[in-house]
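The UniProt record's numbering puts the first residue of the sequence shown at 1, with every later residue one more than the last. Some notes on the structure that comes next.
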Amino acid sequence: MQKGDYDASVEKSVSRLQNSPKNSEAMEVLKTAYGLALQGHLRKIDEAKMSNDLFRWESVMYDYQKINQLADDINSCPACLAIVPNPSKYIAELADSKYNAAGARYGSGLGYLRENNRQSAKKAYYEFEKTINLQPDYKDAKAKMEDAYWAAVTRVVVQPIIVNSSLYKLSADYFQQQIDQYIAKYSRNKFVIFYGEEQATNQKIVPDQVLSLNFDDFVVGQTYVKERVEKLKRDSVVIGETRDKKPVYGTVKATLSIFEKNISSSGLLDMSITDWKTRKLVHQQKFPGTYVWRDSWASYKGDDRALSNQQLAITRRKEQLPPPPSALFLEFTKPIYNQLVEDIGYYYNNY
């Protein structure tokens with residue numbers, strides 16, 4: 001109370017009197033704090049009403065709500081009612097202030113809507129939303145909010161990727177399906193709606209923007225085989241025994257040939273966003289992707305005792321058949337997809 005937070009003082013004293021109805025300190029605080037709190041809120045209401053602030057009725061409404069909350073708190077505490085018998089409530093005044101506040105937001109929304117541009121339409125949408133929150137049935141606020149929404153929306157048609165190769169068609173179709181699923185579930189920005197090209201045609205959608213995806217270049221299955229030859233030697237190996245059965249130690253040698261095969265596949269996807277009306281490029285980005293399939297095996301000549309267990313194990317491996325080209329194509333598109341959706345999200349989330 002000494003710090004001037006009279007609302008909190010009332011709340012604390014009410015709480016203490018609910019638990020301890022004869023708490024003399026809480027009684028004294030409640031009596032003084034309630035009067036100061038009520039006086040403070042009424043003063044703020046008068047000041048707000050005299051101000052030129054377009055949204056002054058929201059301040060008025062807030063203070064009436066605080067006064068009514070204090071009254072509800074006191075009415076829930078029998079011991080408190082002995083100290084403040086008739087706490088003030090402003091029900092009609094609160095209703096009027098809400099109505100006036102809704103009217104101010106509605107008028108602001110109409111003003112933004114008249115500016116007839118997308119950014120102003122977004123502002124209008126939020127103003128009508130606040131209108132409805134304040135007064136759900138205020139005039140035609142719901143219809144105006146709907147009008148503002150569609151005036152604010154950017155319709156983006158996503159063109160399908162074209163790959164002129166039957167060998168990679170299935171993989172490209174799968175990549176396209178991943179993109180289609182992403183745009184179908186996109187919800188980060190309610191003012192951006194994505195359409196597939198077929199969907200847009202069926203619904204006769206006139207786009208605001210067109211998002212195009214094309215592979216500038218891709219290479220699948222570039223094969224590199226490297227052979228590394230190691231001369232191995234190990235000393236102190238038992239190579240026989242004497243007539244009296246004693247071990248004979250010597251040196252064993254082998255030549256180990258290790259083969260490493262890398263099959264590299266890579267591509268560069270171009271994403272461009274074009275304004276439908278002006279045909280101007282508004283955003284462009286290129287996303288690289290690479291996938292390398294690796295295999296290794298080995299062979300040796302000489303004494304296998306010169307090899308370590310690890311070296312011996314790799315000699316038992318056989319050369320593997322690589323994945324088919326369609327699978328390699330799909331693999332290098334995975335990092336491209338991750339970059340693509342991240343960039344689409346970054347560009348449109350606050351659009």
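Here a beta-carbon is modelled for each residue, glycine too, at the ideal position from N, C-alpha and C. Only a predicted model underlies this, so the values are computations on that prediction, with no experimental measurement involved.
Distance from the Cα of C80 is smallest, within the candidate group K261, Q310, N19, for N19. By the Cβ test, the stretch 276–283 is not in contact with the stretch 305–322, since fewer than three Cβ pairs between them sit closer than 8 Å. Of the residues Q39, R114, L113, Q310, the one whose Cα lies closest to the Cα of P87 is Q39. With a cutoff of 9 Å on beta-carbon distance, L330 and Y174 are scored as near each other. Straight-line measurement puts the Cα of K226 at about 31 Å from the Cα of V237. In the three-state DSSP reduction, Y90 falls in the coil class, being neither helix nor strand. By the Cβ-count criterion, M50 is exposed, with fewer than 16 other Cβ atoms from all chains shown falling within 10 Å of its own Cβ.
Straight-line measurement puts the Cα of T223 at about 47 Å from the Cα of Q203.
In the structure shown, P288 falls within a strand segment according to DSSP collapsed to helix, strand and coil. Burial state of I91 is exposed, judged by a 10 Å Cβ sphere holding fewer than 16 other Cβ atoms. If you ignore the 5 residues before and after Y112, its C-beta comes within less than 8 Å of the C-beta of S120, A121, K123, A124, E127, A148, all in its own chain and listed in chain order. Sequence-distant Cβ neighbours of Q310 in its own chain, meaning closer than 7 Å and more than five residues away, do not exist here.
Contact between A298 and S326 does not hold, since their C-beta atoms are separated by about 30 Å, which reaches or exceeds 8 Å. Residue environment analysis places D72 among the exposed positions, since fewer than 16 neighbouring C-beta atoms fall within 10 angstroms of its C-beta. Scanning the stretch 227–305 for uninterrupted beta strand (DSSP E) segments of 3 residues or longer gives 247–275, 281–302, listed from N- to C-terminal end. Beyond the five residues adjoining it in sequence on each side, E58 comes within less than 6 Å, by CB distance, of A101 in the same chain, given in chain order. Following the DSSP letters along the chain, one finds F194 inside the beta strand (DSSP E) bounded by residues 192–196. Closest in alpha carbon position to I67, among F55, H41, L328, is H41. Going by C-alpha positions, T251 is about 12 Å away from L307. Judged by DSSP secondary structure, V158 falls within the beta strand (DSSP E) whose first and last residues are 154–158. Under the three-state reduction of DSSP, S24 is assigned to helix. Looking at T131, R56, T154, the one whose alpha-carbon comes closest to that of K144 is T131. DSSP places L110 in the helix class (H, G or I) of the three-state scheme. Excluding sequence positions up to five before and after E197, its CB lies within less than 8 Å of the CB of V157, V158, Q159, P160, all in the same chain and listed in chain order.
Of the residues S9, N349, D208, the one whose Cα lies closest to the Cα of T274 is D208.
Ranked by how close their Cα comes to the Cα of N75, the residues A48, D63, V10 have V10 in first place. For the options F218, Y182, L134, I45, the alpha carbon positioned closest to that of S266 is the one of F218. Distance check between Y186 and each of K245, D303, Y6, N350 places N350 closest, using alpha-carbon atoms only. Annotation: G103 to E129 spans about 12 Å, alpha carbon to alpha carbon.
The three-state secondary structure of N117, taken from DSSP, is coil.
For the pair N189 and A151, the CB atoms are not nearer than the 9 Å cut-off.
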